[in-house]
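Trainee: Read left to right, the sequence shown gives residues 64 to 302 (the working numbering).
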Amino acid sequence: MPLRLIPRRDRQLNRLVKAASVVECKKKDLLYTQGDGAKHIFIPRSGHMRLTTQNGKSGNSKTVAILGPNELFGTEAITLGNERLYTAIAGSDCELYALKSKQLVKALRKSPATLRSLLASQGEDLAKLRAIVGHSGAPSRARIAHVLLDLGCRLGHDNGRRIYLGHWFTHQEIADLAGVHRSTVTTAINDWIYQGVLKQSLKNLVINKPGALRKHGLQNTGDVFRRRIVSIPLKSWNG
Numbered sequence: 064m065p066l067r068l069i070p071r072r073d074r075q076l077n078r079l080v081k082a083a084s085v086v087e088c089k090k091k092d093l094l095y096t097q098g099d100g101a102k103h104i105f106i107p108r109s110g111h112m113r114l115t116t117q118n119g120k121s122g123n124s125k126t127v128a129i130l131g132p133n134e135l136f137g138t139e140a141i142t143l144g145n146e147r148l149y150t151a152i153a154g155s156d157c158e159l160y161a162l163k164s165k166q167l168v169k170a171l172r173k174s175p176a177t178l179r180s181l182l183a184s185q186g187e188d189l190a191k192l193r194a195i196v197g198h199s200g201a202p203s204r205a206r207i208a209h210v211l212l213d214l215g216c217r218l219g220h221d222n223g224r225r226i227y228l229g230h231w232f233t234h235q236e237i238a239d240l241a242g243v244h245r246s247t248v249t250t251a252i253n254d255w256i257y258q259g260v261l262k263q264s265l266k267n268l269v270i271n272k273p274g275a276l277r278k279h280g281l282q283n284t285g286d287v288f289r290r291r292i293v294s295i296p297l298k299s300w301n302g
């Protein structure tokens, strides 16, 4: 799970963010390209960004992460001289804080708790990747449920019974994150809408029954993937 920063709770980060330049992006704008020199770390103020990588065989891009407000990305810039590991594309109109790498490193040195959180988030991302890519033997629908729950937990609004997720994401983006075909995502989402687990509107995807979606995520899964699903904090188990 990406590191979510709350600058006002950290005096050093708060100063840094206040002094940072703000970058405005329109949907589909390119922020940086895989292989570029990495000099800044970014924090979305609004909207969301997609990190993508090129498929060597087809040349098509594949979404590997989605970052929303207050979620740090571009951390390869912390080590000077590094190149960008991914291409960053605006998934919606958004505003980003651009933090200079040297200044962020100084702030992290003075904020051990935030540094520990950053390191922990990197380990969590690795564990998530291992679970998603199939080492756990989880079926496709379980992985799709996991992606929806993760996005809902991080970027949605939970009113205690339902989770309202801004309808930002295409079926292809969800398929990339889950490691399945787009047609599989379309079929699963349509089935869950029919069953009342999900509800779709013009502006939102509503997880209408979070508990039921979580059960779909637990079906026929291995221990590693099961621990990932159970660890996602949802206010509502009822569905």
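Yeah, the Cβ is synthetic: ideal placement off N, Cα and C, and Gly gets one too.
(1) Using the Cβ count rule (16 or more neighbours within 10 Å means buried), how would you classify Y257?
(2) So V248 is in the alpha helix (DSSP H); what residue range does that whole segment cover?
(3) Shortest alpha-carbon distance to L209 belongs to which of T233, L281 and I141?
(4) Have a look at H198 and D213 and give me their C-alpha separation to the nearest angstrom.
(5) Given 8 Å as the limit, is there contact between the stretch 143–160 and the stretch 258–269, that is, 3 or more CB pairs closer than that?
(6) Going by DSSP, what residue range makes up the beta strand (DSSP E) through K262?
(7) Give the DSSP-derived three-state secondary structure of V168 in the structure shown.
(8) Assign A82 to one of three DSSP states: helix, strand, or coil.
(9) Out of K125, G110, L130 and A161, point me to the one whose CA is closest to P234's CA.
(10) Pull up the distance between the alpha-carbon of S203 and that of N133, whole angstroms please.
(11) Can you name, in chain order, every residue of its own chain whose Cβ lies under 7 Å from the Cβ of Q263, other than the five neighbours on each side?
(12) Could you work out which residue in K173, L171, Q166 and G98 is closest to G144 when comparing CA atoms only?
(13) Which same chain residues, not among the five before or five after A161, have their C-beta less than 7 Å away from its C-beta?
(14) If you draw a straight line from the alpha carbon of K89 to that of I152, how long is it in whole angstroms?
Mentor: According to the structure data:
(1) exposed
(2) R245 to Y257
(3) This sequence places His at residue 209; Leu is not what is there. Nearest C-alpha to H209: L281.
(4) With a pLDDT of only 42 at H198, under the threshold of 50, the placement of this residue in the model should not be trusted; the figure read from the coordinates follows. Near 19 Å, if we compare the C-alpha coordinates of D213 and H198.
(5) no
(6) L261 to Q263
(7) helix
(8) helix
(9) A quick correction: the sequence has His, not Pro, at residue 234. That would be K125, whose Cα lies nearest to the Cα of H234.
(10) 30 Å
(11) I256
(12) G98
(13) A83, S84, V86, H103 and F105
(14) 9 Å
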